[in-house]
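A.B. asks: Which chain is which? The protein sequence lines are A and B, in order.
Residue 100 in this note's numbering sits at position 100 of the first sequence, and the numbers go up by one each step.
In short: position in the second sequence from 1, add 1000, done, that's this note's numbering.
Protein chains: 2
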Amino acid sequence: MDSMNTAPDPAAEHRWLTDEEQRVWRAYLHATTLLEDHLDRQLQRDAGMPHIYYGLLVSLGEAPRRRLRMTELAMKAKITRSRLSHAIARLEKNGWVRREDCPSDKRGQFAVLTEEGVAVLGRTAPGHVTAVRQALFDRLSPGQQKALGEIMEIVAEGLQPDEAGADLPWLR
Amino acid sequence: MDSMNTAPDPAAEHRWLTDEEQRVWRAYLHATTLLEDHLDRQLQRDAGMPHIYYGLLVSLGEAPRRRLRMTELAMKAKITRSRLSHAIARLEKNGWVRREDCPSDKRGQFAVLTEEGVAVLGRTAPGHVTAVRQALFDRLSPGQQKALGEIMEIVAEGLQPDEAGADLPWLR
DNA sequence: CCCGACTTGTTCAAGTTTCAAGGAGACGCC
DNA sequence: GGCGTCTCCTTGAAACTTGAACAAGTCGGG
Chain A
1 MDSMNTAPDP
11 AAEHRWLTDE
21 EQRVWRAYLH
31 ATTLLEDHLD
41 RQLQRDAGMP
51 HIYYGLLVSL
61 GEAPRRRLRM
71 TELAMKAKIT
81 RSRLSHAIAR
91 LEKNGWVRRE
101 DCPSDKRGQF
111 AVLTEEGVAV
121 LGRTAPGHVT
131 AVRQALFDRL
141 SPGQQKALGE
151 IMEIVAEGLQ
161 PDEAGADLPW
171 LR
Chain B
1001 MDSMNTAPDP
1011 AAEHRWLTDE
1021 EQRVWRAYLH
1031 ATTLLEDHLD
1041 RQLQRDAGMP
1051 HIYYGLLVSL
1061 GEAPRRRLRM
1071 TELAMKAKIT
1081 RSRLSHAIAR
1091 LEKNGWVRRE
1101 DCPSDKRGQF
1111 AVLTEEGVAV
1121 LGRTAPGHVT
1131 AVRQALFDRL
1141 SPGQQKALGE
1151 IMEIVAEGLQ
1161 PDEAGADLPW
1171 LR
């Protein structure tokens, strides 16, 4: 989505994307949005929640005592505390998560996965894994899977660290 | 809708992700959300609109006579017509897009990029390209770029076609 | 002990996306 | 022409996200 490739452009030289880079970039955008939409739809249908909400339940399910401090969970999910606050409220209404006060810090709250939440995960996870497998892993060679992992780690690494107080969505 | 190769889902055997697959999948989720957030933030700051709105302007800018029918634009952007309708309303309020009636089909509407819209793109595109380059291409070897392109094309191909009238967000 | 500085989590308002209708025109067919 | 059925796009309400502002709690000096 970044064309006008032959423009001389003001303010001195500017490196546009080559045709090949542009092809790759568009394929990336296309595939990632398609996959995200696909999984969102799959989970909405089978679990009654979008992908990110599902991710919250998974994170809680993996945590010790199935609970996490709000801030910690927000960091894991890479969302703002505000957004998490709303999300947990919704999941609470569904009965899949419960809030608990933190004894050692009166400001703190734990989000705790309920039994019902565990149950939802249990009967939903297989279908989700299947969807991921069918959309991604079943279509890639072992070499491609390896390459994808490496590439994504590189990209994440470049964006992740708090370089010069740059992008820390969960602290905004 | 469910697989054709594995067993009937009822709690029977189920192929989970291997540790390695899980590593790759999490890296994928991590990197893609980080990148999406990064670009959204960059564009919101520099252009006053999220990534997808920017994409709409780009699509219009590339189209003949800088105009596209609503449905066509929705397909290009892979969003529903409803969503597009709201989005264009917003862009119209910004003065970057204008609506025009289709002469040959009175139901039809064209979304047309205005001069202001062109200007916004012109002064915004370089920064955006730089952001993409810094986050992605500058960090990958030529081989990785090629691999990424191939992988994304495979994934998109698997999700794209209207297999059994499955997932067509823009027709819902 | 008290103050300022920072953290934690929530809330509000504004903006965006989704979902379910619905109006209006096109199209085929009798 | 009259009908039923599509297609094109919009609408309004509900759900979700965002960013700023806020109350409450913690913490480290002085």
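Even for Gly, the Cβ is constructed at its ideal location relative to N, Cα and C.
Is it buried or exposed, Q1022 (chain B), if we count other Cβ atoms within 10 angstroms and call 16 or more buried?
C.D. replies: Mapped onto the second sequence, residue 1022 (chain B) falls at position 22. By the 10 Å Cβ count, Q1022 (chain B) comes out exposed.
A.B. asks: What residues from chain B crowd round Y53 (chain A), counting only those whose CB sits closer than 8 Å?
C.D. replies: Locating residue 53 (chain A) in the first sequence gives position 53, counting from the first residue. Residues of chain B passing the Cβ test: none, with the nearest at roughly 14 Å.
A.B. asks: Taking a Cβ distance cut-off of 8 Å, strictly less, list which residues of the region 123 to 134 of chain A are near chain B, in chain order.
C.D. replies: Cβ contacts with chain B: P126, G127, V129, T130, V132, R133 and Q134.
A.B. asks: Counting Cβ pairs, one atom from each stretch, are 3 or more of them under 8 Å apart for the region 117 to 131 of chain A and the region 43 to 50 of chain A?
C.D. replies: They touch, by the three-pair rule.
A.B. asks: Keeping to the same chain, check which residues put their C-beta closer than 8 Å to that of C102 (chain A); ignore five residues upstream and five downstream.
C.D. replies: By one-based count along the first sequence, residue 102 (chain A) stands at place 102. Closer than 8 Å at the Cβ level, and outside the excluded window around C102 (chain A), lie R69, G108, Q109 and F110.
A.B. asks: Output, in sequence order along the chain, the residues in the region 22 to 39 of chain A whose CB is closer than 7 Å to any CB in chain B.
C.D. replies: Residues passing the 7 Å Cβ filter: R23, V24, W25, A27, Y28, H30, A31, T32, T33, L34, L35, D37 and H38.
A.B. asks: Go through its chain and collect everything with a Cβ distance to E1020 (chain B)'s Cβ below 8 Å, but skip five positions before and after it.
C.D. replies: In the second sequence, counting from the first residue as 1, residue 1020 (chain B) sits at position 20. So no residue of the chain qualifies.
A.B. asks: Does the beta carbon of R15 (chain A) come closer than 8 Å to any beta carbon on chain B?
C.D. replies: Numbered from 1 along the first sequence, position 15 holds the residue referred to as residue 15 (chain A). At least one chain B Cβ lies under 8 Å of R15 (chain A).
A.B. asks: Note down, in chain order, every chain A residue with its Cβ under 9 Å from the Cβ of Q1044 (chain B).
C.D. replies: Within the second sequence, residue 1044 (chain B) is the residue found at index 44, counting from 1. Chain A residues near Q1044 (chain B): none, gap ~12 Å exceeds 9 Å.
A.B. asks: Please list the partners that A1156 (chain B) has in chain A, where partner means a Cβ-to-Cβ separation under 7 Å.
C.D. replies: Taking the second sequence and counting its residues from 1, the one referred to as residue 1156 (chain B) is at position 156. The answer, in chain order, is A27, H30, A31 and L34.
A.B. asks: If you drop the 5 nearest sequence neighbours on each side, which residues of the same chain put their C-beta closer than 8 Å to that of L148 (chain A)?
C.D. replies: On the first sequence, position 148 is the one that residue 148 (chain A) refers to. So the list reads L140, once near-sequence residues are dropped.
A.B. asks: Per DSSP, D1101 (chain B) is paired with what?
C.D. replies: Indexing the second sequence from 1 puts residue 1101 (chain B) at position 101. Beta-bridge pairing links D1101 (chain B) to B:Q1109.
A.B. asks: What number of angstroms, rounded off, separates the C-alpha of E1116 (chain B) from the C-alpha of R15 (chain A)?
C.D. replies: Taking the second sequence and counting its residues from 1, the one referred to as residue 1116 (chain B) is at position 116. Taking the first sequence and counting its residues from 1, the one referred to as residue 15 (chain A) is at position 15. Distance between the alpha carbons of E1116 (chain B) and R15 (chain A): 24 Å.
A.B. asks: For A1089 (chain B), count neighbouring C-beta atoms within 10 Å of its own C-beta (all shown protein chains included) and say buried if the count is 16 or more, exposed if not.
C.D. replies: Numbered from 1 along the second sequence, position 89 holds the residue referred to as residue 1089 (chain B). Result: exposed.
A.B. asks: So for R1041 (chain B), helix, strand or coil by DSSP?
C.D. replies: Within the second sequence, the letter at position 41 stands for residue 1041 (chain B). R1041 (chain B) falls in the helix class under three-state DSSP.
A.B. asks: Roughly how many angstroms lie between the CA atoms of L136 (chain A) and L1035 (chain B), to the nearest whole one?
C.D. replies: Along the first sequence, one-based indexing puts residue 136 (chain A) at 136. Along the second sequence, one-based indexing puts residue 1035 (chain B) at 35. For L136 (chain A) and L1035 (chain B), the distance between alpha carbons rounds to 19 Å.
A.B. asks: Let me know the secondary structure DSSP gives L1136 (chain B) once reduced to three states.
C.D. replies: Counting from 1 along the second sequence, the entry for residue 1136 (chain B) is found at position 136. The answer is coil: DSSP assigns L1136 (chain B) none of H, G, I, E or B.
A.B. asks: May I ask which residues mark the beginning and end of the beta strand (DSSP E) holding L1068 (chain B)?
C.D. replies: For this step, residue 1068 (chain B) is matched to residue 68 along the second sequence. R1067 to R1069 is the extent of the beta strand (DSSP E) around L1068 (chain B).
A.B. asks: Quick check on DSSP: helix, strand or coil for T1124 (chain B)?
C.D. replies: The residue given as residue 1124 (chain B) occupies position 124 in the second sequence. Correct three-state label for T1124 (chain B): helix.
A.B. asks: Using the Cα positions of E1153 (chain B) and A31 (chain A), report the straight-line distance between them to the nearest angstrom.
C.D. replies: If you number the second sequence from 1, residue 1153 (chain B) lands on position 153. If you number the first sequence from 1, residue 31 (chain A) lands on position 31. Going by the C-alpha atoms only, they are around 7 Å apart.
A.B. asks: According to DSSP, simplified to helix, strand and coil, what is R15 (chain A)?
C.D. replies: Start at 1 with the first residue of the first sequence, and residue 15 (chain A) comes out as number 15. Looking at R15 (chain A) - three-state DSSP - the assignment turns out to be coil, as it is neither helix nor strand.
A.B. asks: When burial is assigned at 16 or more other CB atoms within 10 Å of the CB, is G1055 (chain B) buried or exposed?
C.D. replies: Sequence index remark: in the second sequence, residue 1055 (chain B) carries index 55 (1-based). By the 10 Å Cβ count, G1055 (chain B) comes out buried.
A.B. asks: Assuming L73 (chain A) and L113 (chain A) make a contact with CB atoms under 8 Å, what is their CB distance in whole Å?
C.D. replies: What you label residue 73 (chain A) is simply residue 73 of the first sequence in a count that begins at 1. What you label residue 113 (chain A) is simply residue 113 of the first sequence in a count that begins at 1. Not really, about 11 Å apart at Cβ, beyond 8 Å.
A.B. asks: Taking the straight line between their C-alpha atoms, what separation do you get for K78 (chain A) and G158 (chain A)?
C.D. replies: Here residue 78 (chain A) refers to the residue found at position 78 of the first sequence. Here residue 158 (chain A) refers to the residue found at position 158 of the first sequence. Between K78 (chain A) and G158 (chain A), the C-alpha separation is close to 15 Å.
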